[in-house]
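Enquirer: Chains as they are written, first to last, in this note's numbering: chain V, 579 to 895; chain Y, 1017 to 1276; chain G, 1017 to 1276; chain A, 12 to 447; chain P, 534 to 990.
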Amino acid sequence: QSRDTIQIAGSSTVLPFASIVAEEFSASFPEFKTPVVGSGGTGGGLKQFCEGVGENTIDIANASRQIKDAEREACTAAGVTDIREIQFGFDGIVFASAASGPDFALTPAQVYKAIAAKVNVDGQLVDNPYKTWNEVDASLPNQPIALAVPASNHGTREVFQEKVVSAGCEEAGLPEGISEDDAEAACTTYRQDVVVEISGDYTETLARLNSDPNTVGVFGLSFYEQNTDTLKVATVDGVVPSKESVAAGEYPVSRPLFFYVKGQHIGVIPGIEEYVQFFLSEGISGEGGALEAAGLIPQPADKTAEVLAAFEAGAAQ
Amino acid sequence: MNPTDMLDRQIRLTARDVTVHYGTKQALHGISIDIPDRAVTAFIGPSGCGKSTFLRCINRMNDTIEGAKVGGTIKLDGEDIYSPDLDVVELRARIGMVFQKPNPFPKSIYDNVAYGPRIHGLARNKSDLDEIVVSSLRKAGLFEEVKDRLQEPGTGLSGGQQQRLCIARAIAVGPEVILMDEPCSALDPIATAVIEELIDELRENYTIVIVTHSMQQAARVSQRTAFFHLGHLIEQGPTEDIFTNPVNKQTQDYIMGRIG
Amino acid sequence: MNPTDMLDRQIRLTARDVTVHYGTKQALHGISIDIPDRAVTAFIGPSGCGKSTFLRCINRMNDTIEGAKVGGTIKLDGEDIYSPDLDVVELRARIGMVFQKPNPFPKSIYDNVAYGPRIHGLARNKSDLDEIVVSSLRKAGLFEEVKDRLQEPGTGLSGGQQQRLCIARAIAVGPEVILMDEPCSALDPIATAVIEELIDELRENYTIVIVTHSMQQAARVSQRTAFFHLGHLIEQGPTEDIFTNPVNKQTQDYIMGRIG
Amino acid sequence: MRAGLVRRHATEQIFRGLGIAAIAVALGFVAILFIDVFRKGIPAFVQSNVHLSVFFDPELIDVDPAPARDQFPSDAEYTAASLKWQRSVALLNWNTIVEASLRKAAPEAGDMTAREILSIPETDARHEIREMFVANPSLLGQTVDVDVLASANAQNWIKGNIDRSLGDKQQQLSAPARALIDTFVENGTISNGFAWSILTNVDSRSAPASAGLLGAFVGTLWMMLIVVVLAVPIGVAAAIYLEEFAPKSRLTDLIEVNINNLAAVPSIVFGLLGAAVFINWFHLPISAPLVGGLVLTLLTLPTIIIATRGALLGVSPALRQAALGMGASKTQMVFHHVLPVTFPSILTATILGVAHALGETAPLLLIGMKAFVASVPATPLDQAAALPVQIYLWQGNENRNFFEPRTAAAIMVLLGVMILLNGAAIYLRSRLEKRA
Amino acid sequence: MNALIVAGVLLVLLGVSYQTGWSKSRNLATANGVKVHSRPQYHGSYSAIWTMIPALVILLLWAWFGGGIARDYAVSQIPQDTLLALDQAGLNNALNRINALASGYGVAGDVAPWEQAAGSAVRSFNFLTFAGMLVLAVVAGGAGLVYARSRITARLRARNTVERVISLLLLACSGVAILTTVGIVASLVTEAFRFFTFINPIDFFFGTVWAPNNAGGANHGQYGLLPLLTGTLMITAIAMLVAVPVGLMAAIYLSQYAPRGFRAVVKPFIEILAGIPTIVFGFFALVTVGPFLRDFGNAIGLNINATSALTAGIVMGIMIIPFVSSLSDDILNQVPRSLRDGAYGLGATQSETIRNVLLPAALPGIVGAFLLAVSRAVGETMIVVLAAGNSPILRGNPFEPVSTITVSIVNQLTGDTDFTGPQSLVGFALGLTLFVVTLCLNIFALYIVRRFREQYE
Ligand SMILES: Nc1ncnc2c1ncn2[C@@H]1O[C@H](COP(=O)(O)OP(=O)(O)OP(=O)(O)O)[C@@H](O)[C@H]1O
Ligand SMILES: Nc1ncnc2c1ncn2[C@@H]1O[C@H](COP(=O)(O)OP(=O)(O)OP(=O)(O)O)[C@@H](O)[C@H]1O
Ligand SMILES: [Mg+2]
Ligand SMILES: [Mg+2]
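Below you can see the structure in the form of structure tokens.
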């Protein structure tokens, strides 16, 4: 007989949310087994997802970014043609430092200046001279610069680069007349002495902070919120990151979260449809729902309705 | 040939032009010899002359030594023992061997002796096996000494005891040919006498080849004697003839204790 | 005591009430014996009577056997060899041993012999060492046979050659006391004669204890003989006396070949 | 020579000292790790329970009576109706009942919001109560004493996992909720007990305090069973073939090198292999201990082969000759004499290999076993997690205050499994070991 | 289910055939007092082999070709005109749907009538072929049994046959290792080559900068292998510097000096180190060892980074201690005691005996243990991720952060990267490279060991 448990895999950012939904789903739908939620990263999850159609492939891939065209092609080539995208909320990305340390009020430009390999000093691109934060900007604490950022294998890195560093780079301005390539390199190359790249999860970032308390770390909002006793969050452009400020679009550093459903498995593996509907229901991913309590930033209800409608219409996008 | 020669009896083993090389070193040079059935053949000769090497050829134990190469032919009952379709294992079961250095298994005394009968299926049941073990140990003159400790390891025995254990182990299988490489080297005169008696008894039914350094022993137990020297078979013949009337000067010298 | 007794010479070793247990089994029962300097003492006795065990007590090789417990006292030149502050290593360097089963190291023949001199720093330089090796091998009557293959492994030698190698190895260290456990068991008469000659020569300066099963050998090489039986020292005395005029019935029986 | 002796004895002492030092170093690390893990993990074995007296209020539980079997002609119809009823029960807001019970226990909590009150019991309290009702619909209108778990944050507060002196902003619970918890602890509504939940529950994300190891534990047992059953015989057999039977040739050299090389292949690559071969090619199920076991088997094979070969190399030729001389065939020689002598080494190899497999996560990632699985696998074909995976997942949980000890507790359990598995092997080994 | 039926049938065949051979042999032995070459067990196994092999061959043929036949049959069930209209992907899709229908597994969308019909035809075809195959297998097995039985005589060398089969089985077991290698290479190679369509191999193998760019677009970043390779080698070297002396000395102490009881207790304790999940070691390194080393470095005037090659290497060294210590201990224990006695008898101290006699004699096995330890160190990931600083920069200072090949493999394969792009494919290329590098190291090691070993024996 065919598999009777929904198989999910993918992004570790989405994993906690999906797990909660899986559990609540089986509590509410006694006829279905609790879905299995695997990790493996967005890429890994989509790879499994695009392996083909059938019992030994997964039904749903969690993703902290949108599927790429090349991936979609690979999927199609393997016969996975009915891919339904579900966007279900946002993930806020915050800077936080040890609770015992000084407060940080950062701007993208400051972050850029602190970590770029070369910065613009008096119209010249020179090796980054700053050692402490207050050298970057007098308003910042006198503390050696050390920033734990997600490594390039993380989806968060892209957001961090785009919304903080690149934005900061632009804001800070580059010397006149440098080529586009050089400009991009200047905006995307970090100095190795102060930047710690974290390829693991936020716990690892936290451990870095513990081992070197001067470090400022990049965390998920939900991670920070559950560890307010040890972490202190930094404002960005003066905005305190919170669910409200992210949802309202005031806080700049956030990204949407997704999962992808293999349409061909609907009706074959029991419960997929119900799972999606349940996931998108008010009580789960809506405001005040279970996922919000777990740190998800809900998206507007009309957006959810739109997503659900598209899903139910079976629109293979 | 002498009329008392055992060679008028049936010949069990014939070796022709047997050579052995260890790597590049030649240890045996063209040995040709016939070994009669139901008789004891003694190999004598100075240390290092190739007696053990030749003995090991007879049951193909040289196969197990890396770098050893055997040439020539050896036949058991007319069958070439080096022929590719001969079953070496069966051959070794038929041609038992007692090694020069006692090498008991790191098992109990009982299991040491019972091992052969077990793998060859010689005992129908436990009491059969017990009997084989006890009688083999008894024949080797060891039973009285170890009867209270059959379950203790065979490696915890004294040198002479180990040697007798290996003899018991070899005869427990009831081989047709028994090769004994200095079976009494670690034994006192009485134990030696027991083994010699055993050999005498076994001779009734089996073919026995024994390597010994004791001329007296060779004279006592063997019917034929072969003298090896530096890898050559110098002389062979009925034991009496060899000892009383050796043809070859070297043999004479050796027996007289002049060469070694 | 007989006036020709060697005991009027200086006594090197005195054993008093030596007992050995292997686990619960008692292998030696209160052995007391004096071993004179510059003389050969022979231990005789049936297989398994405890000769090797007692020999191993003298240079504390029993320490290395798990479960072996030694009681009583043994003194070398008046010094208790079982005293805690005695240096076993030095003791063993002074009391050399040739084991019953030849146990060459898996090294070259040269290295086998050179090992002792090397660790004890007996050679100043390479040529010194070469000399020690060659002369030891020569004394053991092995040199001629192996001179072309000194760099080949000692384990590739024949049984008798291995035995002589072990003798060469032991004397290369120049011990004061040499314990030999059946040093000629695998040797032909000529090789045996060489070793006996060696023993005779060594006797001039050293104390020698030899275990042998050959009454003739004991008679030939030893000045004193001790007869063991079932773990007891039955009789000891000048060799002549023991062989011609044993006091004890058991000794007599053994020598006459009546008990084993 | 005397002078030499002094030097040699000094060397001897140093050598011996080095040996002791090495042992001390190794044991020291074991001790440090153990102390580290135990110090962190032991508190997790205490859980706080909230004693509630729950009133199954008919006004709130407004559902039809549960269907009875005799109302339906067939089992299928009954099951369908029963599931339908259960769904309608599930749709009720059971939190209100939990809240009411808590309010009953603490009259002083009058003005607290529902959210604050419900932050005290674990979120699965409502499921627990609902399941009681589903199992026994006659509870309607009755009051029953129920023990539910305190929430993770409440437990952090009670156990002091979180610094109690921190200000409101840094606390996870609101000030009234914290005060209420303290009151509950005082009046005995909340009490501490041994955390059986760790051992008897499956993993949970929505109710972290109830997260347990049972599923992962069973998954690991299945995998280890497969590893032991496959890797040991295959590994030993391969080693025997290579060492005893294979003609010594370039080819065997190649195989030898190749096996040594396999040992160095990163474990995640074995995961790739497993995904490609077992899942995509043989169509075995994903997330199944069977596949995990097979992958870990391949992972442990080199260890066992190399170690066994090393041991076989060390068997003295005299023993082999003795056996062959008795008319034992090569196979008999190997199986009757050589193997028994090398048994201790083989067991050591097994211990090391299985220990390695036991703690491995990376390959499981690619075959879908690094997953949140809230069930106990009944067969090796069911979805399951594994203990190291569980450790990994818990280790990454956001609620550090609660999951740091819990992770350590999971490690303790893993170590326990390992010690048990190895214990058997070690017992065997020490029995079989006789100095040659 | 099918598998269970097959297994059951095979088991029954096995039992019957063994029993047949066994009892025939017994009768031979009792009937006429002739000497039977082989023992009844061997005759039993002999006939079992003759029974199982034909049956298994049939089953394997079926497993191999059955799929193709079923596919052809399914294709034949598609109406001609529909078939002509289908391209390759469409055909595959149609076949998948038919098979899904045949196995009672629903399909998405509407089911065309011909699909339904084809589905049920395939279903009965599958059933019939399965049953037919089973019957055929039993018949073949039975024929084998009859043949084997007729061959069983006193002279039959059943033992030799059985043993040849055993040695073939043993060969097959070592074949598993080979197959694993083949599988690994195969599962790496295509994707690795895909990677090289993005990145020039020269840039990969000789590049000194490791900076994958995940942002998308044409800029994939730089994929220089050298920083990772040096990191791997450095950490492995440090780990071995810790594990070899400690492990070997511990082994020597345990096997030669320690009392039995002490050894029995301590050895398992040390072995625990091998089983602690590496993530535990990783956090231990990051939180405890790293800061300790940093402070220690400050105290003696060295600038040691908290996360560095040194930290990772030391902790990894600790983890692999048991690989060296336990295996070496067993092997040392196996050296015949007569060798030890020989050395003691010459007045060698214990340490001299160990160094000069025991270690050389045990060398081949000990080298095996070292190799195993090196391998674990090379293949280890988690410790490095956490403790080495994850800093893929080419530098030779062990006090600075580094990264390794394995870490990058895991990161790139399991991240949020595009699984079709070089960001993720590089994992395969790295895996393949590591495979080749360690292969070369192993060949070198074998060569060294051979040269070294020949002095002894
Ligand atoms: N390691 C041991 N463990 C247990 N018993 C032993 C051990 N070594 C010797 N024995 C027993 O102690 C007794 C004396 O042994 P020992 O080796 O001293 O005899 P031996 O006089 O040298 O005999 P042989 O002439 O046969 O060598 C024998 O019964 C023997 O079985
Ligand atoms: N494995 C081997 N490798 C190399 N040479 C060997 C090997 N075995 C024996 N030899 C050599 O072959 C020659 C004959 O050895 P063999 O063992 O046959 O002598 P033997 O007559 O039995 O002597 P002994 O009476 O000393 O036992 C000797 O020179 C010996 O060194
Ligand atoms: Mg010989
Ligand atoms: Mg003895």
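Just so you know, even glycine gets a beta-carbon here, dropped at the ideal spot from N, CA and C.
What does G28 (chain A) touch in chain G if you count any residue whose Cβ is under 7 Å from its own?
Expert: The residue labelled residue 28 (chain A) in the question sits at position 17 within the fourth sequence. Within chain G, no residue comes near G28 (chain A); the closest Cβ sits about 17 Å away, beyond 7 Å.
Enquirer: State the CB to CB distance for the pair P132 (chain A) and S162 (chain A), rounded to an integer number of angstroms; the pair is presumed to be in contact (CB under 8 Å).
Expert: If you number the fourth sequence from 1, residue 132 (chain A) lands on position 121. If you number the fourth sequence from 1, residue 162 (chain A) lands on position 151. Correct: roughly 6 Å between the Cβ atoms.
Enquirer: Just to check my reading of the structure: A812 (chain V) and A656 (chain V) have Cβ atoms closer than 8 Å, yes? What is that Cβ distance to the nearest angstrom?
Expert: Here residue 812 (chain V) is taken as the residue at index 234 of the first sequence, counted from 1. Here residue 656 (chain V) is taken as the residue at index 78 of the first sequence, counted from 1. That pair is no contact at about 44 Å.
Enquirer: At what residues does the beta strand (DSSP E) containing E663 (chain V) begin and finish?
Expert: Translated into positions along the first sequence, residue 663 (chain V) becomes position 85. Run containing E663 (chain V): I661 to A676, per the beta strand (DSSP E) assignment.
Enquirer: Give me, in chain order, the residues of the same chain whose beta-carbon lies closer than 7 Å to that of A750 (chain V); leave out the 5 immediate sequence neighbours on both sides.
Expert: Stepping through the first sequence from its first residue, residue 750 (chain V) is reached at position 172. Cβ within range, chain order: A687, Y690, K691 and N698.
Enquirer: In this structure, how does DSSP classify A536 (chain P) when only helix, strand and coil are distinguished?
Expert: For this step, residue 536 (chain P) is matched to residue 3 along the fifth sequence. Here A536 (chain P) sits in helix by DSSP.
Enquirer: If you pair each beta-carbon of the segment 625-635 of chain V with each one of the segment 923-933 of chain P, do three or more pairs fall below 8 Å?
Expert: The segment 625-635 of chain V is not in contact with the segment 923-933 of chain P.
Enquirer: If you compare alpha carbons, which of V:F668, V:I844, V:A785 and V:A729 is closest to T826 (chain V)?
Expert: In the first sequence, counting from the first residue as 1, residue 826 (chain V) sits at position 248. Residue identity differs from the one stated: residue 826 (chain V) is Ala in this sequence, not Thr. Comparing Cα positions, the closest option is V:F668.
Enquirer: Let me know if N1264 (chain G) comes out buried or exposed under the rule of 16 or more other beta-carbons within 10 Å of its beta-carbon.
Expert: The count along the third sequence starts at 1 and reaches residue 1264 (chain G) at position 248. It is exposed - the Cβ of N1264 (chain G) has fewer than 16 other Cβ atoms within 10 Å.
Enquirer: Measure the alpha-carbon distance for I776 (chain V) versus T390 (chain A) and round it to whole angstroms.
Expert: Numbered from 1 along the first sequence, position 198 holds the residue referred to as residue 776 (chain V). Numbered from 1 along the fourth sequence, position 379 holds the residue referred to as residue 390 (chain A). Whole-angstrom Cα-Cα distance: 38 Å.
Enquirer: Below 6 Å, is the gap between the Cβ of S1230 (chain G) and the nearest heavy atom of ligand 6?
Expert: What this structure holds is ligand 1, ligand 2, ligand 3 and ligand 4, not ligand 6.
Enquirer: Pick from P:L543, P:F598, P:L616 and P:W597: whose alpha carbon is nearest that of W583 (chain P)?
Expert: If you number the fifth sequence from 1, residue 583 (chain P) lands on position 50. W583 (chain P) has its Cα closest to that of P:L543, out of P:L543, P:F598, P:L616 and P:W597.
Enquirer: Check the Cβ of Y790 (chain P) against every Cβ in chain A and list those closer than 7 Å, keeping chain order.
Expert: Position 257 of the fifth sequence, counting from 1, holds the residue named residue 790 (chain P). Result: R27 and G30.
Enquirer: Return no unless some Cβ of chain V is closer than 7 Å to the Cβ of Q401 (chain A).
Expert: For the purposes of this step, residue 401 (chain A) is taken as residue 390 along the fourth sequence, with counting starting at 1. No, because no Cβ of chain V sits closer than 7 Å to the Cβ of Q401 (chain A).
Enquirer: Quick check on Y672 (chain P): buried or exposed, where buried means 16 or more other Cβ atoms within 10 Å of its Cβ?
Expert: To locate residue 672 (chain P), count along the fifth sequence from 1; it is residue 139. Just to set this straight, residue 672 (chain P) is Val in the shown sequence, not Tyr. The residue in question, V672 (chain P), is exposed, as its Cβ has fewer than 16 Cβ neighbours within 10 Å.
Enquirer: Enumerate in chain order the residues of its own chain whose CB-to-CB distance from L295 (chain A) is below 7 Å, with the five nearest sequence positions on each side excluded.
Expert: One-based indexing of the fourth sequence puts residue 295 (chain A) at position 284. If we look at L295 (chain A) and ignore the five residues flanking it on each side, its Cβ neighbours are F289, L301 and V302.
Enquirer: Would you mind giving the Cβ-Cβ distance between E852 (chain V) and F673 (chain V), rounded to the nearest angstrom? I have them listed as a contact below 8 Å.
Expert: Counted from its first residue, the first sequence places residue 852 (chain V) at position 274. Counted from its first residue, the first sequence places residue 673 (chain V) at position 95. Actually they do not touch by this definition, with Cβ atoms about 39 Å apart.
Enquirer: Just grab the DSSP bridge partners of A161 (chain A) for me.
Expert: The residue given as residue 161 (chain A) occupies position 150 in the fourth sequence. Note: A161 (chain A) sits in a beta bridge opposite A:P132.
Enquirer: With a threshold of 7 Å between beta carbons, is V384 (chain A) in contact with chain V?
Expert: Residue 384 (chain A) sits at position 373 when you count from the first residue of the fourth sequence. Taking Cβ atoms only, chain V reaches closer than 7 Å to V384 (chain A), which makes this a yes.
Enquirer: Per DSSP, which residues does Q585 (chain V) bridge with? Please list them.
Expert: Within the first sequence, residue 585 (chain V) is the residue found at index 7, counting from 1. V:V614, per the DSSP bridge assignment.
Enquirer: Could you tell me which chain G residues have their CB closer than 7 Å to the CB of A1188 (chain Y), listed as they occur along the chain?
Expert: As a working mapping, residue 1188 (chain Y) is identified with position 172 in the second sequence. None at all; the shortest Cβ gap to chain G is about 20 Å.
Enquirer: With a threshold of 7 Å between beta carbons, is P411 (chain A) in contact with chain V?
Expert: Here residue 411 (chain A) corresponds to residue number 400 of the fourth sequence, with the count starting at 1. The sequence as given places Arg at residue 411 (chain A); Pro does not occur at that position. Yes, R411 (chain A) counts as interfacial toward chain V.
Enquirer: Using 7 Å as the limit for Cβ to Cβ distance, is N944 (chain P) near chain V?
Expert: Counting from 1 along the fifth sequence, the entry for residue 944 (chain P) is found at position 411. Interface residue, yes.
Enquirer: Closer than 7 Å, CB to CB, is F952 (chain P) near chain V or not?
Expert: Reading the fifth sequence from its first residue, position 419 is the one you call residue 952 (chain P). Judged by the 7 Å Cβ criterion, F952 (chain P) is in contact with chain V.
Enquirer: Note the first and the last residue of the continuous beta strand (DSSP E) segment covering V61 (chain A).
Expert: By one-based count along the fourth sequence, residue 61 (chain A) stands at place 50. Where V61 (chain A) is concerned, the enclosing beta strand (DSSP E) stretches over V57 to F66.
Enquirer: Closer than 7 Å, CB to CB, is E987 (chain P) near chain A or not?
Expert: Taking the first residue of the fifth sequence as 1, we reach residue 987 (chain P) at position 454. Low confidence applies to E987 (chain P): its pLDDT is 48, below 50, so where it sits in the model is not reliable, and the reading given next is rough at best. It does not: the Cβ of E987 (chain P) has no partner Cβ on chain A nearer than 7 Å.
Enquirer: Which residues in chain Y have a C-beta closer than 7 Å to the C-beta of G1176 (chain G)? List them in chain order.
Expert: Start at 1 with the first residue of the third sequence, and residue 1176 (chain G) comes out as number 160. Result: S1063 and G1064.
Enquirer: In three-state terms, what does DSSP make of W105 (chain A)?
Expert: Here residue 105 (chain A) refers to the residue found at position 94 of the fourth sequence. Correct three-state label for W105 (chain A): coil.
Enquirer: Give a yes or no on whether the minimum CB-CB distance between G898 (chain P) and chain A is below 7 Å.
Expert: Looking up residue 898 (chain P) in the fifth sequence gives position 365. Chain A, which has a Cβ nearer than 7 Å to the Cβ of G898 (chain P), makes this yes.
Enquirer: DSSP beta-bridge partners for K840 (chain V)?
Expert: The count along the first sequence starts at 1 and reaches residue 840 (chain V) at position 262. Answer is V:I661, bridged to K840 (chain V).
Enquirer: Kindly indicate which residue of P:I938, P:Y756 and P:F731 has the alpha-carbon position closest to the one of V280 (chain A).
Expert: Taking the first residue of the fourth sequence as position 1, residue 280 (chain A) is located at position 269. Among P:I938, P:Y756 and P:F731, the Cα nearest to that of V280 (chain A) belongs to P:I938.
Enquirer: Thinking C-beta only, is P934 (chain P) closer than 7 Å to G922 (chain P)?
Expert: Here the question's residue 922 (chain P) lines up with position 389 in the fifth sequence. Here the question's residue 934 (chain P) lines up with position 401 in the fifth sequence. Cβ distance < 7 Å, so G922 (chain P) and P934 (chain P) count as in contact.
Enquirer: Could you tell me the distance, in whole angstroms, from the CA atom of P1120 (chain G) to the CA atom of T418 (chain A)?
Expert: On the third sequence, position 104 is the one that residue 1120 (chain G) refers to. On the fourth sequence, position 407 is the one that residue 418 (chain A) refers to. Going from the Cα of P1120 (chain G) to the Cα of T418 (chain A) covers about 56 Å.
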